[in-house]
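Visitor:
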Amino acid sequence: MSSNFGKPIDAQKPSVVSPAAAAIISLVVPGLGQVLAGSFRKGLVLLASLTSIVALWYWRVRLVGRLEPTFPQAVSKSFYLQPILLVVAIGMIVTYLWIAYDAYVTAKRAQTTSGFVVWTLILFLFFFLGWQIGDIRPVALVRDAQDAGPFMMRILWPWDRAISRPEELLTGTVKVQTPCVEPVPELPQEVAGEPYISVTPTCGDLSKQSEATGTTLTLTGRNFAPNAETEIWWQDDMGNEFRQRQAGEYITVMTDENGAFAIDIIMPYRTIPQSDTREFALWELQARQVASLGAAEPSAELLISIEKMVETIFLGMMSTFFGIILSVPISFLAARNLMSTSWITLVIYYVVRAILNIIRSIEPLIWAVIAIIVVGLGPFAGIVALTVHTIASLGKLYSEAIESIDPGPIEAIQATGANWLQTVMFAVVPQIIPPFVSFTIYRWDINVRMSTVIGLVGGGGIGFVLIQWIRLLDYKAAGIAVWFIALTVTILDYVSAEIRARFV
Amino acid sequence: MLEIRHLTKIYDDGTVALRDVNFQVPDGEFMVVIGLSGSGKSTLLRCINRLIDPTEGEILWDGVDLAKLKGDDLRNMRRHIGMVFQQFNLVKRSSVYNNVMAGRLGYSPTWRSVLGRFSPQDHERARQSMDRMGIMDQAYKRADELSGGQQQRVGIARALMQEPKMILADEPVASLDPVLAHSILQHLERLNREDGITVICSLHYLDLVQRYGTSVIGLRAGQLVYQGSRDDIRELTDEQFKTIYGEEAERIGDLTGGIKGTVGGEP
Ligand SMILES: Nc1ncnc2c1ncn2[C@@H]1O[C@H](COP(=O)(O)OP(=O)(O)OP(=O)(O)O)[C@@H](O)[C@H]1O
Ligand SMILES: [Mg+2]
Chain U
1 MSSNFGKPID
11 AQKPSVVSPA
21 AAAIISLVVP
31 GLGQVLAGSF
41 RKGLVLLASL
51 TSIVALWYWR
61 VRLVGRLEPT
71 FPQAVSKSFY
81 LQPILLVVAI
91 GMIVTYLWIA
101 YDAYVTAKRA
111 QTTSGFVVWT
121 LILFLFFFLG
131 WQIGDIRPVA
141 LVRDAQDAGP
151 FMMRILWPWD
161 RAISRPEELL
171 TGTVKVQTPC
181 VEPVPELPQE
191 VAGEPYISVT
201 PTCGDLSKQS
211 EATGTTLTLT
221 GRNFAPNAET
231 EIWWQDDMGN
241 EFRQRQAGEY
251 ITVMTDENGA
261 FAIDIIMPYR
271 TIPQSDTREF
281 ALWELQARQV
291 ASLGAAEPSA
301 ELLISIEKMV
311 ETIFLGMMST
321 FFGIILSVPI
331 SFLAARNLMS
341 TSWITLVIYY
351 VVRAILNIIR
361 SIEPLIWAVI
371 AIIVVGLGPF
381 AGIVALTVHT
391 IASLGKLYSE
401 AIESIDPGPI
411 EAIQATGANW
421 LQTVMFAVVP
431 QIIPPFVSFT
441 IYRWDINVRM
451 STVIGLVGGG
461 GIGFVLIQWI
471 RLLDYKAAGI
481 AVWFIALTVT
491 ILDYVSAEIR
501 ARFV
Chain X
1001 MLEIRHLTKI
1011 YDDGTVALRD
1021 VNFQVPDGEF
1031 MVVIGLSGSG
1041 KSTLLRCINR
1051 LIDPTEGEIL
1061 WDGVDLAKLK
1071 GDDLRNMRRH
1081 IGMVFQQFNL
1091 VKRSSVYNNV
1101 MAGRLGYSPT
1111 WRSVLGRFSP
1121 QDHERARQSM
1131 DRMGIMDQAY
1141 KRADELSGGQ
1151 QQRVGIARAL
1161 MQEPKMILAD
1171 EPVASLDPVL
1181 AHSILQHLER
1191 LNREDGITVI
1201 CSLHYLDLVQ
1211 RYGTSVIGLR
1221 AGQLVYQGSR
1231 DDIRELTDEQ
1241 FKTIYGEEAE
1251 RIGDLTGGIK
1261 GTVGGEP
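Here the protein sequences line up with chains U and X, keeping their order.
For the first sequence, counting from 1, position 216 maps to 216 in my numbering; every step adds exactly one.
For the second sequence, counting from 1, position 225 maps to 1225 in my numbering; every step adds exactly one.
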């Protein structure tokens, strides 16, 4: 039977069943009719396809209707929530029937497009299932695209976050008592150079909701920053503070060129705390200024980004470096043309190849997680992870470069009586330098890009801070990191293209 | 003297490339090997310096059976046998000088040579070899910048570095035009005559066989079907040619006496 693989229908053995029987058998077991009609492979693939489609459909129906107690209820619920599952169900029935029809025409050896139809049906069913499993919602993608706007804007233009001005809070404090009961508080001692405020009187009555306005206090200040806004704050003896408003507006006063000011304020309503009904209270009246000192300077985020970017580049570089050193000797062991001289070397070849393939199939991110367990968080874990992956991938690329070299020079050098090492140095090395350089640059490129990703799981570098900023919703800081990554990758791209053009 | 006895080569895939071949090559011969493509010429030459291990038979060279040599003995034997190839087999990206120098590897200590260091005598020898082959001016060019004829002369210079007692040349001129072919073969002929180096050379052009060979052997399907002196090949009969080259040979005009005639699969 298996000898029929890949042969056209005409070339196959005659059907062992009649067309009608084939159709009926395919109704019982889809595809079996085709098998008996001589289309062994087609029948098997049809059976496997339809079975997997039904299984996938069942799984999705159960999942969508998981709150329903019985299967039929789950079916109707899932059809209601996800009509595409209904489409698949109908498609399955059509396909099932068509497979029976196809068995009929196959047994009859008729030239029809029936096969084409059945494959198309199966393809569409897989497509619809994939659509449902992948939770594909193009409408949401288009409709809600603008939701990403604010975040994108911050990431795309984060530069106001890249500079910061050192700021200082200048505060002058004076005690005010309500109501005026002896002894009234005294004015504080003035310290030279420190912000200082005085108030007259130092006691009075608060404004009352119903009655008259409160006492008017005359507040004067000195030693503040010149020509700057000053805010008036109150703080009760329990530490609650509020900024004073007058006629609905916050009170601000500008200092003069000497950093002095004077303002009359009316004592506020007693609003904080609401429950506080004590008659007697000692308030702290404060004048506050946010003064910027000196020139703008790079923000902490900018500096960290730069630091971490440098760390990342070196992380990629060091792992490339270690990777090269280790993968060069390994690649010779993994090159078939060098290793097919005896069965021992051939065994080594197969073992090395197998190990390289296994290592390579494990993603650097997973290696990073393993490395973190061993050496802890930080750049070294990233270097270990990338080095391991680099060895495997460069080992393979290098060994393929070795395998594709021209054997002629090797033969010629061997014929001069040179030994193995001499043959490698004179006939192999000159041939593999260009591809090696090219692959190495390529890998360096990958490693620097990968090292940004490695950071996401804690392997050091810029990815580490990037993921932190994203988690803190500090999209502008994240934007700075993203910019540096993009910049580095672009430069690297250019540089590697240049080097490659030079060498190869 | 080189004596081949009962030489048989069966490749791993079962191809019988040589079947019980017996012949002798006295020292100083310029022996030409002829035969159709696939008749086993390359296999024969490569068996002699053991680039291919023969399946059976003996290769006696001055009484030593080359077929049995291993390891250092094998390498020491190889350095006395130069080899010239149809595709030149130069290391393309290396300089002409380095290619020539490679011929000296068998005589050089491993570590020094691997670091590219050779004795002053070796450097002198390299200059002489290149001078003799007329490629002195090209010494520092990359090998693949040279023309085919020049590359083959580099190949011969490399073989000369080995101070060979014998040179195996596997279709050394098949990739060259006729004028260059003569020039290359004249170089080999000079080495043969002046230095007494035995040359075993496979050729496709009949006129070249007649012009340069001092003896000839013919292979067909891995078997020795003809053996003769230079005079003999001039008198080859159609019958004899058919035994070597098969029925195809008939289609190519005046083979036996023809100066321009070619034999075998290649023009
Ligand atoms: N490595 C190999 N493995 C298997 N068979 C081979 C191998 N090399 C050569 N052969 C076969 O051995 C036979 C002799 O080949 P060989 O290369 O010696 O012929 P040739 O006379 O040199 O031919 P040409 O004139 O084309 O170079 C051919 O049938 C060829 O296909
Ligand atoms: Mg050949």
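Where a beta carbon is used, it is the ideal one built from N, C-alpha and C, also for glycine.
So, is U/Phe484 buried or exposed, given that buried needs 16 or more other C-beta atoms within 10 angstroms?
Guide: Here residue 484 of chain U refers to the residue found at position 484 of the first sequence. So U/Phe484 counts as buried.
Visitor: In chain X, what lies closer than 7 Å to U/Glu411 by C-beta?
Guide: As a position in the first sequence, residue 411 of chain U is number 411, starting the count at 1. By Cβ distance, chain X contributes Leu1051 and Asn1089.
Visitor: Output the residue ranges of the alpha helix (DSSP H) runs that lie fully inside the segment 1084-1112 of chain X and measure 4 residues or longer, sorted by chain position.
Guide: 1096-1101
Visitor: Nearest-angstrom Cα distance between U/Ser15 and U/Phe124?
Guide: The sequence position of residue 15 of chain U within the first sequence is 15, counting from 1. The sequence position of residue 124 of chain U within the first sequence is 124, counting from 1. Going by the C-alpha atoms only, they are around 29 Å apart.
Visitor: Shorter than 8 Å from the beta carbon of X/Thr1015 to some beta carbon of chain U?
Guide: Taking the first residue of the second sequence as position 1, residue 1015 of chain X is located at position 15. Taking Cβ atoms only, chain U never reaches closer than 8 Å to X/Thr1015, which makes this a no.
Visitor: Whose Cβ in chain X lies nearer than 7 Å to the Cβ of U/Ala415?
Guide: Taking the first sequence and counting its residues from 1, one reaches residue 415 of chain U at position 415. Within chain X, the residues near U/Ala415 are Asn1049, Leu1051, Arg1078 and Met1083.
Visitor: Can you find the residues in the same chain that come closer than 7 Å, C-beta to C-beta, to X/Arg1251, ignoring five residues on each side of it along the sequence?
Guide: Taking the second sequence and counting its residues from 1, one reaches residue 1251 of chain X at position 251. Residue placement at X/Arg1251 cannot be trusted, given a pLDDT of 39 that sits under 50; what the coordinates show is reported in the next sentence. Contacts found: none.
Visitor: Helix, strand or coil, according to DSSP, for X/Leu1188 in the structure here?
Guide: If you number the second sequence from 1, residue 1188 of chain X lands on position 188. Looking at X/Leu1188 - three-state DSSP - the assignment turns out to be helix.
Visitor: Restricting to Cα atoms, I'd like to know which of X/Met1130, X/Thr1198, X/Gly1155 and X/Arg1117 is closest to U/Gln422.
Guide: Here residue 422 of chain U corresponds to residue number 422 of the first sequence, with the count starting at 1. The candidate whose alpha carbon is nearest that of U/Gln422 is X/Arg1117.
Visitor: DSSP state of X/Arg1005, grouped into three classes?
Guide: The count along the second sequence starts at 1 and reaches residue 1005 of chain X at position 5. Three-state result, X/Arg1005: strand.
Visitor: Residues in the same chain with beta-carbon distance under 7 Å from X/Arg1079, minus the five sequence neighbours each way, listed in chain order, please.
Guide: Here residue 1079 of chain X corresponds to residue number 79 of the second sequence, with the count starting at 1. Non-local beta-carbon contacts of X/Arg1079 in its own chain, meaning distances under 7 Å to residues more than five positions away in sequence, involve Gly1106, Tyr1107 and Gln1162 in chain order.
Visitor: Measure the alpha-carbon distance for X/Phe1030 versus X/Asp1072 and round it to whole angstroms.
Guide: The sequence position of residue 1030 of chain X within the second sequence is 30, counting from 1. The sequence position of residue 1072 of chain X within the second sequence is 72, counting from 1. When rounded, the distance between both Cα atoms is 28 Å.
Visitor: Sort out for me which residues DSSP pairs X/Ile1034 with in a bridge.
Guide: Here residue 1034 of chain X refers to the residue found at position 34 of the second sequence. DSSP lists X/Gly1218 as partners of X/Ile1034.
Visitor: Would the beta-carbon of X/Gly1035 fall within 8 Å of that of X/Ile1244?
Guide: On the second sequence, residue 1035 of chain X is found 35 positions in, with the first residue counted as 1. On the second sequence, residue 1244 of chain X is found 244 positions in, with the first residue counted as 1. Taking 8 Å as the Cβ cut-off, X/Gly1035 and X/Ile1244 qualify as a contacting pair.
Visitor: Compare the Cα-Cα distances from U/Val181 to each of U/Asn227, U/Leu282 and U/Trp157 and report the closest residue.
Guide: As a working note, residue 181 of chain U is residue 181 in the first sequence. Among U/Asn227, U/Leu282 and U/Trp157, the Cα nearest to that of U/Val181 is on U/Leu282.
Visitor: So with CB distances below 8 Å, who are the chain U contacts of X/Gln1162?
Guide: Numbered from 1 along the second sequence, position 162 holds the residue referred to as residue 1162 of chain X. Those are Thr416 and Gly417, listed as they occur along chain U.
Visitor: Residues around ligand 1, please: the ones whose beta-carbon is closer than 6 Å to some heavy atom of it, in chain order.
Guide: Qualifying residues come out as X/Tyr1011, X/Asp1013, X/Thr1015, X/Ala1017, X/Gly1035, X/Ser1037, X/Gly1038, X/Ser1039, X/Gly1040, X/Lys1041, X/Ser1042 and X/Thr1043.
Visitor: Drop a sphere of 10 angstroms on the beta-carbon of U/Pro329, count the other beta-carbons inside from all chains shown, and report buried for 16 or more, exposed for fewer.
Guide: Taking the first residue of the first sequence as position 1, residue 329 of chain U is located at position 329. By the 10 Å Cβ count, U/Pro329 comes out exposed.
Visitor: With a floor of 4 residues, list each alpha helix (DSSP H) that falls wholly inside the segment 121-149 of chain U, ordered by position along the chain.
Guide: 138-143
Visitor: Once you ignore the five residues that flank X/Phe1085 on each side, which residues in its own chain have a CB closer than 6 Å to its CB?
Guide: On the second sequence, residue 1085 of chain X is found 85 positions in, with the first residue counted as 1. Asp1170, listed in sequence order.
Visitor: When the Cα atoms are used, what is the spatial distance from X/Gly1264 to X/Tyr1226?
Guide: Translated into the one-based positions of the second sequence, residue 1264 of chain X becomes position 264. Translated into the one-based positions of the second sequence, residue 1226 of chain X becomes position 226. Because the pLDDT at X/Gly1264 is just 40, under 50, the model does not fix this residue reliably, and the point stays unresolved.
Visitor: Starting from X/Trp1061, follow the alpha helix (DSSP H) in both directions and report where the run begins and ends.
Guide: On the second sequence, position 61 is the one that residue 1061 of chain X refers to. That residue, X/Trp1061, is in no alpha helix (DSSP H); its beta strand (DSSP E) goes Glu1056 to Trp1061.
Visitor: Do the segment 1018-1029 of chain X and the segment 1063-1070 of chain X meet, that is, are 3 or more Cβ pairs less than 8 Å apart?
Guide: no
Visitor: Applying the criterion that 16 or more other CB atoms from any shown protein chain within 10 Å of the CB defines a buried residue, is U/His389 buried or exposed?
Guide: In the first sequence, residue 389 of chain U corresponds to position 389, counting from 1. Buried.
Visitor: Exposed or buried, X/Pro1178, counting other C-beta atoms within 10 Å across all chains shown (16 or more means buried)?
Guide: Looking up residue 1178 of chain X in the second sequence gives position 178. Exposed, since its Cβ has fewer than 16 Cβ neighbours within 10 Å.
Visitor: List, in order along the chain, the chain X residues whose C-beta lies closer than 7 Å to that of U/Met425?
Guide: Taking the first residue of the first sequence as position 1, residue 425 of chain U is located at position 425. By Cβ distance, chain X contributes Val1114.
Visitor: With H, G and I counted as helix, E and B as strand and the rest as coil, what does DSSP make of X/Cys1201?
Guide: The residue given as residue 1201 of chain X occupies position 201 in the second sequence. Looking at X/Cys1201 - three-state DSSP - the assignment turns out to be strand.
Visitor: Where X/Gln1155 and X/Asp1231 are concerned, what is the direct C-alpha to C-alpha distance, given to the nearest angstrom?
Guide: Position 155 of the second sequence, counted from the start, is the residue given in the question as residue 1155 of chain X. Position 231 of the second sequence, counted from the start, is the residue given in the question as residue 1231 of chain X. According to the sequence provided, residue 1155 of chain X is Gly. The question's Gln does not apply to it. Whole-angstrom Cα-Cα distance: 30 Å.
Visitor: May I ask you to list the residues that DSSP assigns as paired with U/Lys175?
Guide: Reading the first sequence from its first residue, position 175 is the one you call residue 175 of chain U. BP columns for U/Lys175 point to U/Glu284.
Visitor: Roughly how many angstroms lie between the CA atoms of X/Asp1012 and U/Val87, to the nearest whole one?
Guide: Taking the second sequence and counting its residues from 1, one reaches residue 1012 of chain X at position 12. Taking the first sequence and counting its residues from 1, one reaches residue 87 of chain U at position 87. So the alpha carbons of these two residues sit roughly 59 Å apart.
Visitor: So, do the segment 306-324 of chain U and the segment 191-198 of chain U have three or more beta carbon pairs nearer to each other than 8 Å?
Guide: no
Visitor: Residues of chain U with a CB under 9 Å from the CB of X/Ala1102: which are they?
Guide: By 1-based counting over the second sequence, the position of residue 1102 of chain X is 102. Within 9 Å Cβ-Cβ: Pro409, Ala412, Ile413, Thr416, Ala418, Gln422, Phe426 and Ala427.
Visitor: Could you check if U/Glu301 is buried or exposed, using at least 16 other CB atoms within 10 Å of its CB as the buried criterion?
Guide: In the first sequence, residue 301 of chain U corresponds to position 301, counting from 1. By the 10 Å Cβ count, U/Glu301 comes out buried.
Visitor: Can the beta-carbon of U/Gln235 be found closer than 8 Å to that of U/Ile266?
Guide: On the first sequence, position 235 is the one that residue 235 of chain U refers to. On the first sequence, position 266 is the one that residue 266 of chain U refers to. Not closer than 8 Å, so no.
Visitor: Between the segment 1182-1194 of chain X and chain U, which residues of the former have CB atoms less than 9 Å from a CB of the latter, in chain order?
Guide: Those would be none; no residue qualifies.
Visitor: Using 8 Å as the threshold, is the segment 1133-1153 of chain X in touch with the segment 1089-1103 of chain X, meaning 3 or more CB pairs across them?
Guide: The answer is yes - the segment 1089-1103 of chain X touches the segment 1133-1153 of chain X, with three or more Cβ pairs under 8 Å.
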